[in-house]
Amino acid sequence: MTTLPDRPKTALVIIDVQNGVMAAAHHRDGVIANINTLLGAARSAGAPVIWVQHSSEELPFGSATWEYVPELVRTDGEPLVHKQYGDSFEDTELEAVLAAHKVGRLVVSGAQTDACIRSTLHGAIVRGYDATLVADAHTTEDLSAYGAPAPEQVIAHTNLYWQWQKAPGRRGGTVVTADVTF
């Protein structure tokens with residue numbers, strides 16, 4: 001239902017599943033296993049897989065903390081988008097990559113739920129994409145010491161409100177890994 005003309009494809013977008021981001025992530029291993037399942041499904045369906053990698057003071061470009069977790073392996077031909085802001089579209093080539101692959105719908109996974117995942121979901125809808133959040137393939141760390149809810153509550157709340165997200169001609173939605181289609 002995307003508002004982007006001639007963009008019939010669905011892409012898997014994997015956001016910031018990096019060593020430094022995932023070190024203290026809630027349900028880390030389960031989320032990574034689900035993303036691996038999504039990778040297999042996307043590749044089998046011939047769907048584009050787009051990797052997004054954040055760099056910052058905490059994740060210096062090229063450092064061990066910046067690297068993707070070893071359990072997830074990018075293959076040749078799968079684009080890697082480097083970013084420095086929460087929204088994966090902001091000041092990156094993501095839009096051009098998606099256009100080149102004729103993508104109008106994103107299936108979003110990764111970290112962190114309350115930062116880059118939410119920012120990218122909203123950024124996608126604003127830019128005309130359909131954006132589906134994989135409910136059991138995103139995570140965050142425990143930031144309750146700073147006043148945030150517990151990670152499982154952050155994840156549940158994001159899944160709750162995103163399932164009804166929509167705008168004229170485009171929609172959000174949530175789905176579990178087992179029910180994702182490309």
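Terminal number for the sequence shown in UniProt numbering: 182, no gaps in between.
For glycine and all other residues, C-beta sits at the position ideal for the given N, C-alpha and C.
Given the structure is predicted, the values throughout are model-derived calculations rather than measurements.
- prompt: Looking at the structure shown, is D6 part of a helix, part of a strand, or coil, going by DSSP?
  reply: coil
- prompt: Which residue's Cα is closest to the Cα of S144: E152, A137, H138?
  reply: E152
- request: Indicate whether the contact test is met: 3 or more Cβ pairs, each with one atom in the stretch 98-118 and one in the stretch 9-17, closer than 8 Å.
  value: yes
field: Residues of its chain near D136, where Cβ-Cβ distance is below 8 Å and the 5 sequence neighbours each way are ignored
entry: G30, V31, N34, V176, T177
Proximity to D6 [Cα-Cα], best of V52, A99, T92: A99
field: Nearest-angstrom Cα separation, counted from I117 out to G147
entry: 19 Å
- prompt: Should L80 be labelled buried (16 or more other beta-carbon atoms within 10 Å of its own) or exposed?
  reply: exposed
- prompt: Just the Cα atoms here: how many angstroms apart are D76 and H27?
  reply: 29 Å
query: For G63, which beta-bridge partners are listed by DSSP?
result: What sits at residue 63 in the sequence shown is Ser, not Gly. Per DSSP, none; premise fails for S63.
task: Using 10 angstroms around the beta-carbon of G169, count the other beta-carbons present and answer buried if the total reaches 16, otherwise exposed.
output: exposed
- request: Quick one: which unbroken beta strand (DSSP E) runs of 3-plus residues sit fully inside the stretch 2-56? Chain order, please.
  value: 9-15, 49-54
query: Using a Cβ-Cβ cut-off of 7 Å (strictly less than) and excluding sequence neighbours within five positions of Y85, which residues of its own chain qualify?
result: D91
task: Just the C-alpha distance for P70 and A96, rounded to the nearest angstrom, thanks.
output: 27 Å
- request: Compute the distance between the beta-carbons of V126 and T10, then report whether it is under 8 Å.
  value: no
message: Rounded to the nearest angstrom, what separates F61 and Y68 at their Cα positions?
response: 12 Å
- prompt: How many Å lie between P48 and H82 at the Cα?
  reply: 17 Å
field: Sequence-distant residues of its chain with Cβ nearer than 8 Å to P8 (five each side left out)
entry: K102, G104
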